[in-house]
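Chains as they are written, first to last, in the working numbering: chain A, 7 to 565; chain B, -13 to 268.
Glycine included, every Cβ here is placed at the ideal spot set by N, Cα and C.
Model, not experiment: these values are computed from the prediction.
As structure tokens, the structure follows; a few thoughts come after it.
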Amino acid sequence: MDYTILVGGAAGQGIETVVLLLEKTIKRSGYEVFTYKNYMSMVRGGHNFMQVRFSDEPVYTYSSKLDMIFALTEETIDYHGDRLKENGVIIADDEIFPDMDICHLPLAKASRDSGNQKTFPTVGFGAIVKIFGMDIGIAEQVVKENFSGKILEVNLNALKWGYSLVDERQKLPGKKDERIIINGNQALALGAIAAGVKFYCGYPMTPSTSVMSYISSKASEMGIVVDQIEDEVGALNMALGAAYAGVRAMTGSSGGGFALMCEAMSLAGILETPVVIVNAQRPGPATGLSTRTEQGDLRFVIHAGHGEFPKIVIALRNPEDAFYQTARAFNLAEKYQIPVVLMTEEYLTDYMITTEPFDFNKVTIERHITDPADLPEGRYKRYMYTDSGVSPRLIPGRSGDKTVLVDSHEHNEFGNIDESVETRVNMMKKRMRKLESIKEDLQEPCYFGAEHPEQLMVAFGATWGALKEAVEELNRSGEKAGALVYGDIWPFPTKLLNSFGKKAVNIITVEQNFTGQLESLIKEHTDLRISGNIRKYDGRAINGEEIVQSYYNLKAKKL
Amino acid sequence: MNCEYKLYDPTWCPGCGNYMIRTALKMALEELEIPPQRVAIFTGIGQAAKMPHYIDTNGFNGLHGRALPPGIGAKLSNKDLTVIVESGDGDTYGEGGNHFIHTIRRNIDIAHFVHDNQIYGLTKGQGSPTTAMGQVTTLQFEGVKIEPVKPLALSLTMGAGFVARGFSGDIPQLVSLMKEAIKYRGYAHLDIFQPCVVWNKVNTFQWYKDRVYKLGEDHDYTDFEAAFKKALEFEDRIPTGILYKVERETYEDRFSFIKNGPALVDSRLDPIDAEKLMADFV
């Protein structure tokens, strides 16, 4: 089984409520869920839709084919009606669409009868629960968790009303529920909290904001300062001040806001102060498509900041990856005293997926802070020359009588301004020397697919899910396909890419940008020949079906 | 504990007001008996911003205009630190104007010493946000064409609880103002006149000396309107001293876990503490 329900309408009509209730109810029934969210940058009006896909097998991305449309507006049917499967059902209110050939339900009347017209979406939810034969008890419990007081009462009525309006068409037998359901930003935020982030500052910008709001919702409970600062310029500077003072600090934004952080990114480079920065990508240039997805910032992020200094860039592939990689990012930042950038994408920040509960025992906290007793007497050298390039780090006010000086100018070992040739050359070498050990710490891209792939797809970040399904489908159809999906992407790991790439018949890059930024990295860092590419830059996430189709299109043109 | 502050050789021009400001800073900190390792100075870029290189405390010499945000980050992370932010008029009121305004709103416990010489020194003589209208500079050949910032009036209207002005030519008063600013619980704005001997031929030592006068006993520093009037006085006579001082709740005290708990930097980190949050996702 593999079903998809689309809920569509205008912003402000309650699509999100229906979807939240649905995904939790299905997940609690023991099924795998994937919710794809597609919305416009407006608070009221427009056309938004979300697709809840569920199955008894793991699902990694959305499907284009629909089993049900719950239409809150007529245009929902206009836009998506042609994607409905043959036995598909459309649910809509009979007062809104009196002449159409669809499953008419007196939703508006029912919601009025339930005591509150705003419960319209919950009435629809009740009908969906019945049609798919879900357990009404679970649905009631989920409603109880999401509403309270008088509103709860009318919503429980609305659920029962909706449930009574239709007949069951099938039975969804309950299974053991052992998963969690989470999106990428929640997982990222959770990873940061697990890693002991004590300071998060930022300026709201879609699609990064929900990282800050999740952490903020736990701030007092977990003892974390969340500061909504005046601008992103200040944000990274503030995070660096917190990190200098000895706490784990983080900031985040999306393209435009991240652009404002570039000066302080460079500052982090010369201060050698550890910090974790999130860039949640959305399509640019400039304001671009605020609520949509792209992988257009790869080159920008790896080169962000003037001057030359080491940094690590990690592309997040799915919520589980987001959790563990975020926690790891703090360790890497402190080990090498560098900025670490986590790159995510609107698609990943928003989609909800059922996944294995996170194992907090797997998260380690490695601070790499020096005990002042281990240092020689006399003035502390914050930038002491070492073989690794990493100098002993002390925390101001927590290091006996030693004082800690960090500086944005080129400086000597004490941190004092020094423009001499000798100091400049030695300090550049010291900072850049870290790259040698960083390379040892990097994770190669993950691989899945045929043992000896002839068709090797190479991608990064959140296209992971689409590739997972595409590769499976291609191999079912007799191809020998595999995919390498990059997480750690800067410095650029090439070992696995070379070993698979040299044996593959075709290498095909799959990325969500116009210019092929990953492809250009591959060409820059290897001698591999790229046979073809699949690129999408319309602001919408690529899914498995599209990759399969694009692959056959390429094949037809003789790869 | 040793509360003596070591000094290092500066690269300021002979006669620069920064020398006197540094002397006052050293005296203020030593008289308050705060050991150097408990003090952290945050600066931006400019001649004033080189302060952490010339006095031995914890120091963060960051970016132009950006001295306040890291100072805030550090104070929230370690409430035990005495945080001083020190930078010039261009750094604070120009490049960093946005941070200045919003830092005041927070009322975080930081002492902010602005070295105000009404000119850009390090970049060689261009007009600064406090340069007078019409003043000819190395960039404004026909004279400055925009109105100067009125720093004290600005901080007062933004709700600063401590607003003061000093003059590098009066070290005893400056020491006392710095001590008051450091002791004040909340954001303390101290604008310090200093001559730039090389680039500002208008606002010279003598220019300031002829104009500044100390606010007397009769000035009620808890009276906002009186303070605001004094803040706008900038013609033949310019007042120095504490214009305004009232008690306000600090930003850090609005975080219960900071107010009632240990400094954040002393938090014990354990991933398992966060495991309970998984309940949100079942």
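Counting the other CB atoms within 10 Å of its CB gives Phe466(A) a total of 16 or more, which places it among the buried residues.
Taking all protein chains shown into account, His312(A) has fewer than 16 neighbouring C-beta atoms within 10 Å of its C-beta and is therefore exposed.
The straight-line gap separating the alpha-carbon atoms of Val39(A) and Pro64(A) is approximately 8 Å. Counting along the chain, Pro127(A) sits inside the alpha helix (DSSP H) bounded by residues 126 to 137. The DSSP-derived three-state label of Val25(B) is strand. Ala476(A) and Ile553(A) do touch by the CB rule: their CB atoms are close to 4 Å apart, below 8 Å.
Distances from the alpha-carbon of Lys182(A) to those of Arg34(A), Arg305(A), His309(A), Ala114(A) put Arg34(A) closest.
For Ile276(A), the closest Cβ of chain B is not nearer than 8 Å.
Under the DSSP assignment, Ser260(A) falls in the beta strand (DSSP E) whose first and last residues are 254 to 260. About 5 Å separates the beta carbon of Leu78(A) from that of Gln19(A), a gap short enough to meet the 8 Å contact definition. A Cβ-Cβ contact shorter than 8 Å links Ala114(A) with Phe126(A). Judged by DSSP in its simplified three-state form, Asn432(A) adopts helix. Excluding five sequence positions before and after Tyr250(A), the CB atoms of its chain that fall closer than 8 Å to its own CB belong to Leu277, Thr279, Pro402, Val410, Val412, given in chain order. At a cut-off of 8 Å between beta carbons, Asp327(A) makes no contact with chain B. For His85(B), at least one C-beta of chain A is nearer than 8 Å to its own C-beta. Annotated as distal: Ser272(A) and Phe329(A), with beta-carbon spacing of 8 Å or more. With distances taken between CA atoms, Asn422(A) lies nearest to Arg388(A) out of Gly406(A), Glu428(A), Arg388(A).
The DSSP-derived three-state label of Lys542(A) is coil. From the listed residues Met434(A), Gln449(A), Ile320(A), the smallest Cα separation to Glu419(A) is found for Met434(A). By the neighbour-count criterion, in which 16 or more other beta carbons inside 10 Å mark a residue as buried, Ile186(A) falls on the buried side. Cβ-Cβ distances below 8 Å link Arg546(A) to Asn44, Arg298, Thr299 in the same chain, with the five nearest sequence neighbours on each side left out; the list follows chain order. In this structure Val231(A) is in contact with Phe241(B), their Cβ atoms being roughly 6 Å apart against a cut-off of 8 Å. For Tyr250(A), a Cβ of chain B is located within less than 8 Å of the residue's own Cβ.
About 15 Å separates the beta carbon of Leu49(B) from that of Ala60(B), a gap too long to meet the 8 Å contact definition.
Taking the C-beta atoms as reference points, Glu238(A) is found no nearer than 8 Å to Asn84(B). Sixteen is the threshold: when 16 or more other Cβ atoms of the shown chains lie within 10 Å of the Cβ of Ala35(B), as they do, the residue is buried. For the C-beta of His415(A), the chain B residues within less than 8 Å are, from N- to C-terminus, Asn47. Within chain A, the residues Ala251, Gly252, Gly403 have their CB atoms less than 7 Å from the CB of Asn64(B), given in chain order.
The beta carbons of Ser260(A) and Asn243(A) sit no closer together than 8 Å. For Ser505(A), the enclosing alpha helix (DSSP H) begins and ends at 501 to 509.
Distance check between Leu502(A) and each of Arg535(A), Pro451(A), Glu446(A) places Pro451(A) closest, using alpha-carbon atoms only. Proximity of the stretch 517 to 526 of chain A to the stretch 300 to 311 of chain A meets the contact definition, three or more beta-carbon pairs being nearer than 8 Å. Within the same chain, Gly493, Asp494, Pro499 come within 8 Å of Gln449(A) by CB-CB distance, once the 5 residues on both sides are set aside. Contacts with chain B at 8 Å (Cβ-Cβ) include Glu269(A). In terms of CA proximity to Val149(B), Ala174(B) leads the group Glu81(B), Ser63(B), Ala174(B), Asp75(B). Gln33(B) sits close to Leu108(B), with the two beta carbons spaced by under 8 Å.
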